[in-house]
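Chemist:
Numbering (the numbering used here), first residue to last: 135 to 411.
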């Protein structure tokens, strides 16, 4: 979180620990077979003894990062390179007039009547006609100006930014209408209560996070001969570590956070680190 990073920066005396915010990393610098820093979009090189990549680092280096014999995912690409059809998220943020129903569920899922057809569309790079929509209605005063209004979030899993062009305003608005209509099953009278809405698509995810196509990594799953696992946190390039949703143990807040703890253990205790004891 950018705010957390800025707070962390304020804890360190100026000049001892430099922080650079809002800078795009375009390359991981190598020297003598090890990670030696990062190159920024403006050509600046920040030297480092170790590099922790919170994105799929395969896009930033010119060599294979997995060791011989490493178990890797099969089928849908999970490397974050954009080669596969890892789906993204389409989100509609709604500002509504009228108080929240005190009996409203925090989270309601409006399922597609044909889940197989929905999945086929998403993984083929098409928009699903009847998507599954998650309706989130938190009872949180921080999300609304007063008790006479309500903030609601609609979310659906969609194809990534390629081959669909989620930056197309007409497509964004049309699909936002689809989600709003589907959400009506859980939120009657939605259209009459609407004040304004904001739309976030995989194109926005890609622009804000660097994730290829705006893909959102799912959690890793056991079984399947390791075909649903993610790459290890350590890499073949000495000093380069992977953290976040594209590394073990996969996507989701809990798993992505756990990957950071694993990387910290590898850095502090070395390659033999095997988790908390």
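Cβ atoms here follow ideal geometry from the backbone N, Cα and C, with glycine treated the same way.
Mind checking residue 221: buried by the 16 CB within 10 Å criterion, or exposed?
Modeler: Residue 221 comes out buried.
Chemist: Which one of 301, 403, 381 and 286 has the shortest CA to CA distance from residue 238?
Modeler: It is 286 whose Cα lies nearest to the Cα of residue 238.
Chemist: Return the chain-ordered list of same chain residues with a C-beta closer than 6 Å to the C-beta of residue 407, the five sequence neighbours on each side being excluded.
Modeler: 399 and 400.
Chemist: Under the rule that 16 or more other beta-carbon atoms within 10 Å means buried, what is residue 162, buried or exposed?
Modeler: By the 10 Å Cβ count, residue 162 comes out buried.
Chemist: Does the beta-carbon distance from residue 289 to residue 223 come in below 7 Å?
Modeler: Contact: yes.
Chemist: Return the residue from the list 188, 153, 197 and 199 that minimises the CA-CA distance to residue 181.
Modeler: Ranking the options by Cα distance to residue 181, first place goes to 153.
Chemist: Check whether the region 260-274 and the region 309-319 touch, using three or more Cβ-Cβ pairs below 8 Å as the test.
Modeler: Touching, yes.
Chemist: Are residue 397 and residue 377 touching if we call contact CB-CB under 7 Å?
Modeler: Cβ atoms of residue 397 and residue 377: closer than 7 Å.
Chemist: Consult DSSP for residue 348 and reduce its assignment to one of helix, strand or coil.
Modeler: If DSSP states are grouped into helix, strand and coil, residue 348 belongs with the helices.
Chemist: Kindly indicate the opening and closing residues of the alpha helix (DSSP H) around residue 268.
Modeler: It is not in any alpha helix (DSSP H) - residue 268 instead sits in the beta strand (DSSP E) that spans 267-270.
Chemist: Within a Cβ cutoff of 6 Å, which residues of the same chain sit near residue 334, ignoring the five residues on either side of it in sequence?
Modeler: Result list for residue 334: 225, in chain order.
Chemist: Can you give the Cα-Cα distance for residue 331 and residue 355, rounded to whole angstroms?
Modeler: Residue 331 and residue 355: Cα-Cα distance of roughly 35 Å.
Chemist: Since residue 371 and residue 173 should fall inside the 8 Å C-beta cutoff, what is the C-beta to C-beta distance between them, to a whole number of angstroms?
Modeler: Between residue 173 and residue 371 the Cβ distance is about 15 Å, and since that is not below 8 Å, they are no contact.
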